[in-house]
Structures are given as structure tokens and as C-alpha cells.
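Report on one structure; see the data block that follows.
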Amino acid sequence: MTTQKLTLDQINTVPYYGKSFPFLPRKASVRNKEVWAFIKLQAKEIGLFPALAFWIAMPFRLGGVYRQYKEGMDLMKKSFGAEAKMEWAFLILTYKDMEKRHDAEYAYDFIKRAIQAAAPFVMNDMYQADYLAKFEDPFEAFW
């Protein structure tokens, strides 16, 4: 069975075409998997109850991060939207929590590993691989 491939001049039909890359909208199911990847790694690193305590306390700590890093948070929101601002604040909180428990190098390594653990769930949604596969040469769309 052959299917007709799309030509490059139809690239603007790809959902989110031309939108900011780092913070494209993601499905709720993908967000949940992304969050669970962080929770699982935190639970493995610091224990289940401390990890759950972190997540329960997180909404109450966001205001402090927004105030402490106001200029950066405002820039993130202006550049990428409110969702990006929230995700950035979450990463800062996670980093600070791990730095307090260990040190800066460990915290940075933890953040990298957590992002890598969440990446498989996020990448297909962001890149829309199934949709791009419909093009004659999907890689040409990136040049």
C-alpha cells in the first residue's frame, strides 16, 4: 500500500508550525508522564516521602522563586509564555532542593538525568514524528 507523501511547501500544515520550540503545547497525558519521570527519579534519589513532600510543597514555593528571580521569570514569560515561566520555576526549585541535599554539581547532574528521563515522552509530541513522516523528506523541513 502506498500513500501519497506531502511536499515541503505543505510544511506549514504541521501543527504548531512556526511556534517557539522549547515550550510547545503538550498533551496532558504527555505532561503526566513527564512529571512521573521526575517523581520516579526523585524518589529513587531521595526516597518516596521526601519526593512527595517536595511535590506537595512546590506550589507554595513558586511565589518565592518568582520574586527571587523576577527579571528572569519575566523574560521567560515574555519570550515563551506563562507555561515556560512555570516550568523554569519548577526546574529552579528542583535544582535548589537537590543542591541543599547534596551540592551544586550533584543537583546539576540530577536535573540533566531527570530531563533525559522525561525526554522520550516529550520528544514525539514536540516533533510530531508521525505527522512529519508523511513528507517526502521530513528532514528537509528542518533546513
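For the sequence shown, the positions run 1 to 143 when our numbering is used. We put the CB at the ideal spot given by N, CA and C, even for glycine. Here the structure is a predicted model, which means the values were calculated and not measured.
- In summary, residue 112 is exposed, with fewer than 16 beta-carbon neighbours lying within 10 Å of its beta-carbon over all protein chains present.
- Within the same chain, 42, 97 come within 7 angstroms of residue 54 by CB-CB distance, once the 5 residues on both sides are set aside.
- By the beta-carbon neighbour count (other beta carbons within 10 angstroms, threshold 16), residue 36 is exposed.
- In the three-state scheme derived from DSSP, where H, G and I count as helix and E and B as strand, residue 69 is classed as coil.
- Inter-segment contact for the segment 106-122 and the segment 72-82 is absent: fewer than three beta-carbon pairs are separated by less than 8 angstroms.
- A residue is called buried when at least 16 other Cβ atoms come within 10 angstroms of its Cβ; residue 92 meets this threshold and is buried.
- The straight-line gap separating the alpha-carbon atoms of residue 46 and residue 52 is approximately 10 angstroms.
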